[in-house]
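One structure is given here, and the rest of the page talks about it.
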Amino acid sequence: MSDVPVFGVVILVVAVAVLAAILSNHVSERVRVPAPVLFLLAAAAASEVVPRLGTLSVITDERVVTVALIFILFDGGVQIGWREFRASAGAILWLGVMGTAVTAGAVALVAHALFGFDWHLALLLGAALAPTDPAMVFSVLGGREITGRAGTILKGESGANDPVGIALMAVLLEAGGSGFSSVAHGMATFALQMVVGCAVGVIGGLLLVQFVRHVPLPNESLYPVRALAGAAFIYGVADVLSGSGFLAVLLAGVLLGDARAPYKHDIERFASGLSSLAEIVAFTILGLTIDLHDVFSGTVLWVGLGITALLVLIIRPLLVGVMMLRMNLERGEKAFILGAGLKGAVPILLGLFALGEGGPGTHRLYLVVFVVVLTSALLQGSLVPAMANWFKVSMNVVALEPWSLGLRFRAEPTGLQFHVVAAGSAADGVEIRHLAVGDETWVSLVRRNGELVEIHGGTELRGGDEVLIIGGTDVNGLFGPSSKAGDHPAP
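Position one of the sequence shown corresponds to residue 397 (the numbering used here), numbered consecutively onward.
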């Protein structure tokens, strides 16, 4: 029992750190710097003051951040949902796979030709910096809503290119010890990870949806826990089968996102809260691995700034921009996606993978990755709202709604439907009495901009209205492609 007071101090310090991280969101809003950047810098500064904080092994850091990313990616998939993902699946996969490969190759070429990295280290650096980061993107967009496909593609790309970047890093690390004679084997491994990860994610996601829907639990608080445990299980299965666990988790979240299930809102809220905590843990752990003295010594800082400038201003706009030419998006939406491709926890995690393998130059590589991530997050992350304005992409701040009104049912309410009126849909601008819903179906509640709307025959629906309908008639097509039914709180 002699260590109880000491352990109490540890708990106190950790609690204060988490509370400070949560409250830092207010600071983030005032200084217009993404909150994850504050976690990263604060942790790096703390490790300078108290060196013992940075004594965790590389493998421990990797594992902690990996667990955090499981929940971040799962929550990201749930936020996107199947309907939105399906509408932009081609663009997401094209940018997630080919965009990552092209960016990695271009960064490697620049690192070798301009900054003197040997080819092996240059390729590792390219693989580490190619993915955009879901934790950073979801954090920046967390309190904002982007209309159209731009937001879906941006979030989907950031989730899809992580498994690609991680698999590419694994291929390069495996090939590095044999003079690249095993590249063919490495590419086969890459393909296997993608295929197995996709298969496990789809099958596991469908099974998770059925499990959540049809297997009752004795306590309502266990439903969110089960869903998150299911996500971790899916990751483990994919990893054991030599697949991409991150891809599997993302796809499972996408399939669960629009599923109609008991306690669905509780599941979403719990997943979002755990994702926020995971984000804090990931960036704090990564910050503790950095020695700021090494960052500011030698040429590391200038190399990192140079690669950031080339990556943000030339490589992504030109190469990925060419890949987006034939996408059915407005020019401003394309420019916004290209400018808002933020770097974050995943590139640093990939740098940790390279650092864990050891070898000459890997420590310098890791520091360069940190500088690129920090610079990208500070500049691009801070400018996301401004870029939305420059490129005329509609971005709305989603106000918090702490008060809710809802009903619970013992059985699935098959006659209860929740829909969102899409702009330009058949219901947009139509009075309720003129809606083609039939005599046995009626509108029960309407919420507009977080406020209840008085219901009568002359009430005119508008794009963005959330509508609760009672009746057995399927009226999904009436409200447009963004309409969705599910377990949401009553408006």
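Cβ atoms here follow ideal geometry from the backbone N, Cα and C, with glycine treated the same way.
Because the structure is a prediction, the values reported are computed rather than measured.
Pro612 counts as exposed, since fewer than 16 other C-beta atoms from the protein chains shown sit within 10 angstroms of its C-beta. The beta-bridge partner set that DSSP reports for Met791 consists of Ile542. DSSP, reduced to helix, strand and coil, places Glu729 within a helical segment of the structure shown.
The beta carbons of Ile466 and Ala627 sit about 6 Å from each other, so the pair counts as a contact at 8 Å. Every alpha helix (DSSP H) stretch that sits fully inside the stretch 439-527 and reaches 4 residues is listed by chain position as 454-483, 485-490, 496-511, 515-525. The secondary-structure analysis by DSSP pairs Arg844 across a beta bridge with Glu847. Judged by their CB atoms, Gly649 and Val429 are not nearer to each other than the 7 Å cut-off. A contact between stretches requires three or more CB pairs, one per stretch, nearer than 8 Å, and the stretch 478-491 meets this requirement with the stretch 541-554.
Collapsing the DSSP output to three states places Val863 in a strand.
Here Gly867 has Gly811, Gln813, Val833, Gly834, Glu836, Thr837, Trp838 as same chain residues with Cβ atoms under 8 Å from its own Cβ, once five neighbours each way along the sequence are excluded. If you draw a straight line from the Cα of Ile865 to the Cα of Asp558, it comes to about 39 Å. Non-local C-beta neighbours of Thr685 in its own chain, meaning closer than 6 Å and more than five positions away in sequence, comprise Asp457, ordered along the chain. The continuous beta strand (DSSP E) containing Val816 extends over residues 812-816.
In the structure shown, the three-state DSSP call for Glu664 is helix. Under the 8 Å Cβ criterion, the stretch 765-772 counts as touching the stretch 743-754, having at least three qualifying pairs.
Contact annotation: the stretch 581-591 does not touch the stretch 654-671, with fewer than three C-beta pairs closer than 8 Å. Bridge partners of Val742 according to DSSP: none are assigned.
Secondary structure in the stretch 599-649: no beta strand (DSSP E) run of 3 residues or longer lies completely within the stretch. By the C-beta density criterion, Leu748 is buried, having at least 16 other C-beta atoms within 10 angstroms. Asp690: member of the alpha helix (DSSP H) spanning 688-691, first to last residue. Assigned with DSSP and collapsed to three states, Glu675 falls in helix. Taking all protein chains in view, the Cβ of Ile468 is crowded by 16 or more other Cβ atoms within 10 Å, so the residue is classified as buried. Gly728 sits close to Val789, with the two beta carbons spaced by under 7 Å. Here Ala819 has Gly859 as same chain residues with Cβ atoms under 6 Å from its own Cβ, once five neighbours each way along the sequence are excluded. Pairing Gly641 with Tyr631 gives a Cβ-Cβ distance under 7 Å. For Met723, there is no enclosing alpha helix (DSSP H), as DSSP marks it with neither H nor E. Looking at Val633, Val560, Leu682, Val406, the one whose alpha-carbon comes closest to that of Pro432 is Leu682.
It is roughly 26 Å from the alpha-carbon of Leu603 to the alpha-carbon of Val493. Met791 sits close to Ala784, with the two beta carbons spaced by under 7 Å.
Val699 and Phe511 have their alpha carbons spaced roughly 7 Å apart. In the three-state DSSP reduction, Val429 falls in the coil class, being neither helix nor strand. Between Leu436 and the set Lys730, Met723, Thr680, the nearest pair of CA atoms involves Thr680. Of all C-beta pairs linking the stretch 692-706 to the stretch 440-453, fewer than three are shorter than 8 Å, placing the two stretches out of contact. Counting only residues of its own chain and dropping the five nearest sequence neighbours on each side, Tyr762 has a CB closer than 6 Å to the CB of Gly747, Leu751. The alpha carbon of His689 has as its nearest neighbour, out of Ser443, Val461, Val412, the alpha carbon of Ser443.
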